[in-house]
Amino acid sequence: MTLATELAVVIVSYNARDDLQACLSQLRDHPPRAAHQVVVVDNASTDGSAAAARTYGAPVEVIDTGGNLGFARATNAGIAATHSRLVLLLNSDALPPTGAIDRLIEILDAHDDVAVLGPRLIDGAGRLEISSGPMLSPLAELWQKSLVRAHAHRVPGLAGLAERQARRERPVDWVSGACLLVRRADADAVGGLDERFFLYTEDVDFCASIRALGRHVLFTPEVEVVHRRGRSGRHAQAATAVAYRRSHLAFYRKHHPRWHRVLRAYLRVRGLLPPDN
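Numbered per my numbering, the sequence shown spans residues 1 to 277.
Written out as structure tokens, the structure reads:
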């Protein structure tokens with residue numbers, strides 16, 4: 001396969017036209033220096049997202065999936081439609097500042113043993129989003145959620161810990177798929193994202209698959225990207241909650257089968273077990 005460009009930016013969009021336009025405008029007005037293509041994979045949006053994306057012209061291409069395939073499957077479709085050395089998974093609600101993508105490429109290229117790189121994420125007000133962490137497990141998940149809540153409520157000690165971690169370049173088990181740079185060779189080696197995950201945890205699983213091959217995942221605070229998190233999910237909160245629980249169950253079934261039974265029983269007792277689970 002001939003690699004036509006250095007970088008493919010893959011953006012999955014679902015009923016997030018305003019965010020998508022802001023993201024594409026940012027890439028158009030402040031494009032990376034690296035030769036690149038931008039592929040928008042639209043999951044059958046009903047708000048005119050695909051039509052809006054097409055108005056940007058080259059290097060933006062649009063793939064209409066014909067239905068809501070979920071994040072992992074749509075991302076794989078975008079990766080398969082591109083030919084590049086590197087792939088950047090970018091949420092439609094993410095805004096990389098000038099030079100951010102090129103710096104991510106430089107950092108990744110400086111670490112031959114690193115397959116995946118993720119930046120520090122902040123929200124629109126400049127507040128930290130905890131976007132990396134240890135492999136998901138019951139204990140790790142409890143710790144991660146506690147850290148997120150403690151940071152949000154400025155709990156002494158834990159809030160400071162979260163900030164210190166997010167200001168240090170370090171190897172991690174996973175980085176957020178909201179802005180994730182990966183070498184195509186490594187993405188291909190694991191077969192892309194696991195399509196059993198419709199929405200959520202697919203980035204953690206993807207990083208786990210890559211680490212299983214002896215490759216590494218790196219978090220860098222040197223690059224900061226704005227992530228206006230969860231805006232597309234606001235239009236379908238009930239469906240988003242069900243998708244989260246389905247992916248959560250699928251993740252534990254794959255990685256922690258004994259705990260999967262516990263999680264399933266817990267959700268059933270609370271009346272939250274999704275259908276067909």
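C-beta: ideal position from N, C-alpha, C; glycine also. As the structure is a computational prediction, the values presented were derived from the model and not from experiment.
I'd like to confirm the pairing. Which residues does DSSP put opposite residue i in its beta bridges?
i, result
"Thr5", "Ser84"
"Cys179", "Leu90"
"Asp42", "Ser13 and Asp64"
"His216", "Val114"
"Leu121", "Glu129 and Val225"
"His36", "Leu7"
"Leu95", "Val226"
Rounded C-beta distance between residue i and residue j? I'm assuming under 8 Å.
i, j, result
"Asp42", "Val62", "6 Å"
"Leu193", "Thr65", "With a Cβ gap of about 15 Å, Leu193 and Thr65 do not count as contacting."
"Asp19", "Arg229", "So it is not a contact: roughly 10 Å between Cβ atoms."
"Arg245", "Leu272", "6 Å"
"Ala72", "Glu195", "5 Å"
"Val217", "Val148", "Contact flag wrong, Cβ pair sits at about 19 Å."
"Ala81", "Val39", "6 Å"
"Arg28", "Gly48", "Between Gly48 and Arg28 the Cβ distance is about 18 Å, and since that is not below 8 Å, they are no contact."
Do you know whose CA, among the options, lies nearest residue i's CA?
i, options, result
"Leu158", "Tyr200, Ser146 and Arg54", "Ser146"
"Phe198", "His153, Ser176, Leu218 and Ala250", "Ala250"
"Thr220", "Phe206, Ile130 and Leu139", "Ile130"
"Ala8", "Ser45, Gln237 and His83", "His83"
"Arg167", "Arg103, Pro59 and Leu121", "Leu121"
"Asn91", "Gln26, Ala115 and Ala81", "Gln26"
"Ala185", "Arg85, Ala238 and Pro97", "Arg85"
"Gly177", "Ala80, Glu202 and Leu95", "Glu202"
"Arg127", "Pro59, Ala162 and Asp113", "Ala162"
"Leu95", "Asp113, Leu142, Pro119 and Asp188", "Pro119"
"Ser132", "Arg103, Arg183, Ala77 and Ala208", "Ala208"
"Ala52", "Leu88, Asn15, Pro31 and Arg215", "Asn15"
"Gly67", "Leu181, Ala50, Ile79 and Pro59", "Ala50"
"Arg211", "His260, Trp174, Arg103 and Arg170", "Trp174"
"Leu278", "Thr5, Gly48, Pro59 and Thr46", "This structure gives no information on residue 278, because the portion of the chain shown stretches from 1 to 277."
"Asp279", "Asp113, Arg270 and Val223", "One cannot answer for residue 279 here, as it falls past the ends of the chain, which runs 1 to 277."
"Asp93", "Val155, Asp205, Cys179 and Asn277", "Cys179"
"His260", "Leu136, Glu169 and Ala150", "Leu136"
Got a sec, what are the start and stop residues for the beta strand (DSSP E) residue i sits in?
i, result
"Leu273", "Premise fails: Leu273 is in no beta strand (DSSP E) and is neither H nor E."
"Asp339", "Coverage of the chain is limited to positions 1 through 277, which leaves residue 339 absent and any answer about it impossible."
"His30", "Taken as a continuous stretch (DSSP letters only), His30 belongs to no beta strand (DSSP E), as it is neither H nor E."
"Pro171", "Arg170 to Val172"
For residue i, count the other beta carbons within 10 Å of its own beta carbon; 16 or more makes it buried, fewer makes it exposed. Which is it?
i, result
"Tyr200", "buried"
"Thr55", "exposed"
"Pro257", "exposed"
"Tyr266", "exposed"
"Ala125", "exposed"
"Pro138", "exposed"
"Ala241", "exposed"
"His153", "exposed"
"Val12", "buried"
"Glu106", "exposed"
"Pro275", "exposed"
"Val262", "exposed"
"Asp123", "exposed"
"Leu213", "exposed"
"Met1", "Residue placement at Met1 cannot be trusted, given a pLDDT of 44 that sits under 50; what the coordinates show is reported in the next sentence. Exposed: under 16 other Cβ atoms inside 10 Å."
"Asp205", "buried"
Could you please give the first and the last residue of the uninterrupted alpha helix (DSSP H) stretch that includes residue i?
i, result
"Glu195", "Looking at the DSSP string, Glu195 is not in any alpha helix (DSSP H), and its letter there is neither H nor E."
"Ser247", "Gln237 to His255"
"Ala52", "Ser49 to Arg54"
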